[in-house]
Each structure stands twice: as C-alpha cells, then as structure tokens.
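Chains as they are written, first to last, in this note's numbering: chain A, 513 to 845; chain B, 513 to 845.
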C-alpha cells in the first residue's frame, strides 16, 4: 500500500471545513494540520472546529509558515479567497515549504489569462521546489469546463461549445444567496455589480481554459452580468424576495474566434430557479448534448473535487497545473 | 511547434478507414502507412481506398513487419479485431517495432481481467521498448466507463453506478444491425447467442475497468444477453424485422461487491429503439444523473476516440495503459 497523503487544511470556512471532513474519511489521506486567520478558531482542536465529535490532536494555527515548518506534510488544501492576487503570497509560502497545493481559488483555475506573469513565476517556483499546484472546484473546475473538454474526446470535429448551468440558489448556503444578490432592489444590484461585488468569479476562467485546451486563440472575451427579477414572492431558509426584486444573477461569458462565437457559457444562479441543471452542448461531428439533471450540487461537489484532485496532484510533474494537465479526474479512495 | 505524430493505420474496415480519414485532417498528425490483410486492398494507394479524392503516396501493405521496418513512424491505430487473443501477436509486432498503439479491440480496453498474464507480458514489452498501448473507443472506452469515472470526481461518497446505453441500431451500419441479431427468429438468436456470435464485446471490460479504478474487488461479475422482440414491423435501410422477430439485443453486466450490486451496465441495441440515449446514474453524495440525449453516435465517435487518444498516448509513460492511466481525454488538434 502506498503511504497516505498528509494534508494541511488552509482556511476553515464552509468549503474548507467540508474538505477537511472529507479528508478524515479517506483511506489514503491523513489530516495533519490546519490554519486559519480567525482568532475564534486559532488554538482550538480541529476536531471541535469540524464538529467531528472527537479530538483530532491537531490544533488550528494562525501562522502558516510556522505550521509548515513544524508539521511533516505532503499537500495543502487551500480554501481562502477567490482572488489569485490574494492567494499568490500564500501559494508561494506553501510551495516554498515543499508542499503540493490544490486550491478552491476561482482565479487559480486558469491564472495564465489574467495574471500571466505571476502564474509563470509560480510555475517556475513549483518546478524548483518540485511541487504541483492547481485550482479546481465544481465551477470553475469541473461542470462548465473540464467535463465539457472531456466530452470533446468523442468528437471528430468541433465547431462550438455552449454550457448552461442553472442553480436554484434557495438550495445553497446563505452566503451564496447573498452573493448572487437575492433580495436586493434592481438599483442596489446594479451598484454592487458595477463594483464587482455581485459576480460569480471564474466564468471567464472556465472560458479561457477551454479555449486554451482547444487551441482557439480568442479574438474577444466578453463577460456580462444581469439581474434575474422575481415575478412572485420567493422565500428561502435565510431570506425573502418580493416580486420585482432581485432573485439572483445571470452571468454570460463568450469567446469569439475567427469571427465566430465559439464558446458561450451562461450561469444562472437565483432563488426559485426552476429545473436546475447543467447542460453542455457541442456543435460538431457528432453533435453532443449532455445534461446533468438537477445540476451538480456545488456545496457538496466542490470539497469533493478538491480532495479527489489530491492524488492526481501528488503524481503530476512539478508545476502550476490546470485540470487539463493532470490525470483523469475521479473519486479518491 | 511540436513534430506531427506519424501514424500507420492497421486495418482498413469501416472504423479503420474513418480513423485514417480523420488523421488526414489533423494538423499535428501525418498518415505515413497502412496495412490490411484484404488482397483487394493491398497494393492500392491509401487515398483511393479512403475515397480521399487524391493519391496519398502511401501504398496499402499486406506485411506489417516489413512496413514497420521500412516506414519511419510513431504510432499505430489498430482496428482489426475485438479479441485480445487475436490482437496480441499484432500488438507484439507493433511494440517490437518501437511504435505506440491505440486499438479499437474491445477486449484490449481492460485486458487485465480476462488475460492477466498476457497483459502483464505486453506491459513488460512496452516498458522495454518504451512504447504505450491502449484500447479505447466509444463503447467500451468512453460512454459506459471513462465518462462515468470522470463524473465520480464530483462525489464525496460513491455507493453505486448504473449506466444505460440505448442505441437505435437502425441508424448504424449494416454489419452492426446483423451483429445485434436484427431480423432473426428467437430460436436463431438464442443459438447464435450461445455461440457468442451475438454479443457486444466489451461490456464486462467497462465493468471491471470501473471496479478496478474504484478499488472495488468484485465478488461477482455477471453478464447476460437477451433478445428484444419487435412488436411491430421495423424496416431499415438494410433489412426488415417482422413483429415477433428479433429487433436486437439487451445486454447486462453487473458487479457485486461486499454483498451489494455496486455496478450495473445495460446496453440496448435494437432497430427502432425509442429515445436513444446514454444515462449515467451515480448513487452517492451528491447523487448525480447525467444524460447524453440521443446517445453518443458510435460510428462517428469511435474513430474520434482513437485519434484523439493518440496525443495522450505518445506523452504517457511506457506500458500497457487503460483510459484511467492516460491524461485528460479531449479532442486532438
């Protein structure tokens, strides 16, 4: 039997805690450390923080560099921010400590587009320290990008890809319901949208990941956000939306190549969305239409993607990876 | 730019010709040779055989070993037989010549189950000659196995997988319509089924591929074949099925692990099948149900899978591979 992967959890928000709990149940993984900046968590036993019902003998640290120096480990699950710029210094610290890293940071799913130079530097450092880093999750990371790319393996010719993800935000955690603008007036929505405070981060990353893998040097990349207005009252566990108010968000990204609209990604996340689903439609030979009925549940699937990617990561060549350059995604044992 | 992959086409049946035509259109591939045992093809220009409308300057050979010795090449697309035993000597010849090989041989998709010893020997030879070999196609190779495995990457917990593929054989080539028994009486069907002359080869391979990847040491592997009886007349381009006669085949494979039916694959291939589709249903957390509407068209997708797997193969470590051990499947440029 191979040795278990020794994992440090970096960030103990909802996704981070779910990932850490999942590691606890994996035969070939071992949870050896945790770090968070929240003073309410620092110093506590991780078992208590995770609600594991037992002490894990692992104390939550507030000092990543000290923790990395003192704890023999193989990999870090990083769940701390959506911003690659914010995550960058943390990645550097992780890689300098000789640790692999899988991150839920949305912009890290394909950092070569927005942060070409920094991504290149991180790749260099990874190679120097013989570590692998990748950003993943359910979206970006899986349903709107990796899964669509895998489907193209059945195609002789590919003309365009359209992906639609419809999420009923009422079934998701409160933070996400707030993030999509549920309950706001249209004016408030537009003000916050302008400040990029209402926005799913990662749609453009999914788009440019696909374009890169398909060899399409896009001439244009566009992204747009619009409110979905409730036409009747919608109540969730956490909030109520009056008719005429914002139920959530519709977000589009599209990519133009050689004058053609070759990539169209659309994400609808609003409370009360009917028929939640993921649809991938490929125009080509053969044409293909794939539907995940009900959609892939994000709160559950994102921690799964993070943990399931770890075994691929520790076997990958050193470097800053994308889901394209790792092995075949699958559940970790 | 990397050098193009120089390809030899081994076998010029329907799938082999389609794969070779596809290679012609790929920027990073070059068709440099072809071999077949049919005296009607040997000595002719490959362009003529493929209906390419031009001479390719490649003459169809009847002698693989001579061809391999005289033609600088990187890889072989092997489309000659469903049987690993029949293909084995051909694989040995290919690998001895230092060539990678992707094969449509159904039993080669997971040869470690039925031919453990021979598969091990071929793996050894691959390593010695620094070549990679893999069996793939749409089924087995993609819709009922690889795609299902990829979907598990979104799962925290996996309890069981059920895959259903429904193919309207009326939309497929004549050889396939005959192979599924369309037009036979029930008695004829059972006689031929007993002799294993009516049977889709590869369902068990898909099943044991999944079990192996998921760490399920199956206690039982069962496979069964039953006729689908037409309840009304069905006419295709090639044949007619009277009511009460056989329209095609239903084939099941299931795997039991720790007393539970953890894997169930069902393939329905008959003329006039309504609602053709591929369904993958995962019981677990989160539960997932994926549907490919209309199903992945086999005649078009199998050559695609073969050609699209080539770039993964030439970059893989030497050895006898499965789709699990190569990189992320995707369309080749």
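Where a beta carbon is used, it is the ideal one built from N, C-alpha and C, also for glycine. Only a predicted model underlies this, so the values are computations on that prediction, with no experimental measurement involved.
Which residue spans inside the segment 683 to 714 of chain A form an unbroken alpha helix (DSSP H) run of at least 4?
Annotation note: the segment 683 to 714 of chain A contains the following uninterrupted alpha helix (DSSP H) runs of length 4 or greater, listed N- to C-terminal: 686 to 691 and 698 to 706.
Using the beta-carbon count (16 or more within 10 Å), is residue 597 of chain B buried or exposed?
Residue mapping note: residue 597 of chain B aligns to position 85 of the second chain, counting from 1. Counting Cβ neighbours within 10 Å, residue 597 of chain B comes out exposed, since fewer than 16 surround it.
Kindly say whether residue 517 of chain B, judged by its beta-carbon, lies nearer than 7 Å to any beta-carbon of chain A.
Taking the first residue of the second chain as 1, we reach residue 517 of chain B at position 5. Residue contact check for residue 517 of chain B against chain A: no CB pair falls below 7 Å.
Report the residue ranges of all alpha helix (DSSP H) runs contained in full by the segment 581 to 664 of chain A; include only those spanning at least 4 residues, in chain order.
Runs of the alpha helix (DSSP H) spanning 4 or more residues and lying entirely within the segment 581 to 664 of chain A occur at 596 to 608, 628 to 641 and 658 to 663, in chain order.
Residue 533 of chain B - DSSP class collapsed to helix/strand/coil
As a working note, residue 533 of chain B is residue 21 in the second chain. Three-state result, residue 533 of chain B: helix.
Three-state secondary structure (DSSP) of residue 811 of chain A
One-based indexing of the first chain puts residue 811 of chain A at position 299. Three-state result, residue 811 of chain A: helix.
Taking buried to mean at least 16 other C-beta atoms within 10 Å of its own C-beta, is residue 578 of chain B buried or exposed?
As a first step, residue 578 of chain B is located in the second chain; it is residue number 66 there, counting from the start. Classification for residue 578 of chain B: exposed.
Residue interval of the alpha helix (DSSP H) (run including residue 561 of chain B)
Along the second chain, read from residue 1 onward, the residue named residue 561 of chain B stands at position 49. For residue 561 of chain B, the enclosing alpha helix (DSSP H) covers residues 558 to 562.
C-beta atoms of residue 547 of chain B and residue 825 of chain B nearer than 7 Å
By one-based count along the second chain, residue 547 of chain B stands at place 35. By one-based count along the second chain, residue 825 of chain B stands at place 313. No, the pair does not count as a contact, with Cβ atoms beyond the cut-off.
Does any residue of chain E bring its CB to less than 7 Å from the CB of residue 571 of chain A?
Any reference to chain E falls outside this structure, whose protein chains are A and B.
Residues near residue 635 of chain A by beta carbon distance below 7 Å, same chain, minus five either side:
Counting from one through the first chain, the residue named residue 635 of chain A turns up at place 123. Sequence-distant partners of residue 635 of chain A (beyond 5 residues in either direction) whose C-beta falls short of 7 Å from its own C-beta, in its chain, are 831 and 832.
Residue from B/684, B/801, B/796 and B/774 with nearest C-alpha to residue 747 of chain B
Taking the second chain and counting its residues from 1, the one referred to as residue 747 of chain B is at position 235. Of B/684, B/801, B/796 and B/774, the residue nearest in Cα terms is B/684.
Where the beta strand (DSSP E) containing residue 783 of chain B begins and where it ends:
If you number the second chain from 1, residue 783 of chain B lands on position 271. Here residue 783 of chain B belongs to no beta strand (DSSP E), and DSSP marks it neither H nor E.
What whole-angstrom Cβ distance do residue 692 of chain B and residue 760 of chain B have, given they're in contact under 8 Å?
For the purposes of this step, residue 692 of chain B is taken as residue 180 along the second chain, with counting starting at 1. For the purposes of this step, residue 760 of chain B is taken as residue 248 along the second chain, with counting starting at 1. Contact between residue 692 of chain B and residue 760 of chain B holds, since their C-beta atoms are separated by about 4 Å, short of 8 Å.
Residue(s) in a DSSP beta bridge with residue 680 of chain B
Stepping through the second chain from its first residue, residue 680 of chain B is reached at position 168. B/782.
Minimum Cβ-Cβ distance from residue 721 of chain A to chain B less than 7 Å
In the first chain, the residue the question calls residue 721 of chain A occupies position 209. No, no contact with chain B.
Rounding to the nearest angstrom, what Cα-Cα distance links residue 823 of chain A and residue 844 of chain A in this structure?
Translated into positions along the first chain, residue 823 of chain A becomes position 311. Translated into positions along the first chain, residue 844 of chain A becomes position 332. In this structure, the alpha-carbon of residue 823 of chain A lies about 7 Å from that of residue 844 of chain A.
If you measure from the beta carbon of residue 681 of chain B to each beta carbon in chain A, is any gap under 7 Å?
As a position in the second chain, residue 681 of chain B is number 169, starting the count at 1. Not closer than 7 Å to any Cβ of chain A, the Cβ of residue 681 of chain B fails to qualify, so no.
Give the DSSP-derived three-state secondary structure of residue 550 of chain A in the structure shown.
As a working note, residue 550 of chain A is residue 38 in the first chain. Residue 550 of chain A: coil per DSSP, three-state reduction.
Exposed or buried, which one is residue 772 of chain A when buried takes at least 16 other CB atoms within 10 Å?
Start at 1 with the first residue of the first chain, and residue 772 of chain A comes out as number 260. With fewer than 16 Cβ atoms within 10 Å of its Cβ, residue 772 of chain A is classed as exposed.
Taking CB distances under 7 Å as the criterion, tell me whether residue 588 of chain B reaches chain A.
Sequence index remark: in the second chain, residue 588 of chain B carries index 76 (1-based). Chain A, which has no Cβ nearer than 7 Å to the Cβ of residue 588 of chain B, makes this no.
Under 8 Å, with one C-beta from each stretch per pair, do the segment 587 to 594 of chain A and the segment 550 to 562 of chain A reach the 3-pair mark?
Counting Cβ pairs under 8 Å, fewer than three are found: no touch.
Quick one: any contact between the segment 646 to 666 of chain B and the segment 777 to 792 of chain B, if contact means 3 or more CB pairs under 8 Å?
The answer is yes - the segment 777 to 792 of chain B touches the segment 646 to 666 of chain B, with three or more Cβ pairs under 8 Å.
Alpha helix (DSSP H) segments (min. 4 residues) lying fully within the segment 748 to 776 of chain A:
Segments of the alpha helix (DSSP H) lying fully in the segment 748 to 776 of chain A: there are none.
In the structure shown, what three-state DSSP assignment does residue 828 of chain A receive?
In the first chain, counting from the first residue as 1, residue 828 of chain A sits at position 316. Assigned with DSSP and collapsed to three states, residue 828 of chain A falls in coil, not helix or strand.
Starting from residue 527 of chain A, find everything on chain B with Cβ-Cβ shorter than 8 Å and list it in chain order.
Along the first chain, one-based indexing puts residue 527 of chain A at 15. What residue 527 of chain A touches in chain B: nothing, since even the nearest Cβ is about 12 Å away.
Listing by chain order, which chain A residues have their CB less than 8 Å from the CB of residue 667 of chain B?
For the purposes of this step, residue 667 of chain B is taken as residue 155 along the second chain, with counting starting at 1. Chain order gives the chain A residues near residue 667 of chain B as 813, 816, 820 and 843, where near means a beta carbon separation below 8 Å.
Kindly indicate if chain A contains any beta-carbon less than 7 Å away from that of residue 640 of chain B.
Walking along the second chain from the start, residue 640 of chain B turns up at place 128. By this cut-off, residue 640 of chain B is not an interface position.
Do residue 701 of chain A and residue 739 of chain A have their CB atoms nearer than 7 Å?
The sequence position of residue 701 of chain A within the first chain is 189, counting from 1. The sequence position of residue 739 of chain A within the first chain is 227, counting from 1. In this structure, residue 739 of chain A lies closer than 7 Å to residue 701 of chain A by Cβ.
Comparing alpha-carbon positions, which option in A/516, A/523 and A/716 lies nearest residue 562 of chain A?
Indexing the first chain from 1 puts residue 562 of chain A at position 50. Checked all of A/516, A/523 and A/716; the closest Cα to residue 562 of chain A is A/523.
Tell me whether the segment 639 to 658 of chain A and the segment 605 to 622 of chain A touch, counting them as touching only if at least three CB pairs, one residue from each stretch, are closer than 8 Å.
Yes, they touch.
Does the beta-carbon distance from residue 805 of chain B to residue 801 of chain A come in below 7 Å?
Translated into positions along the second chain, residue 805 of chain B becomes position 293. Translated into positions along the first chain, residue 801 of chain A becomes position 289. A contact, by the Cβ cut-off of 7 Å.
Give the straight-line distance between the Cα atoms of residue 827 of chain A and residue 829 of chain B, rounded to the nearest whole angstrom.
Counted from its first residue, the first chain places residue 827 of chain A at position 315. Counted from its first residue, the second chain places residue 829 of chain B at position 317. Straight across, the Cα-Cα distance linking residue 827 of chain A with residue 829 of chain B is about 12 Å.
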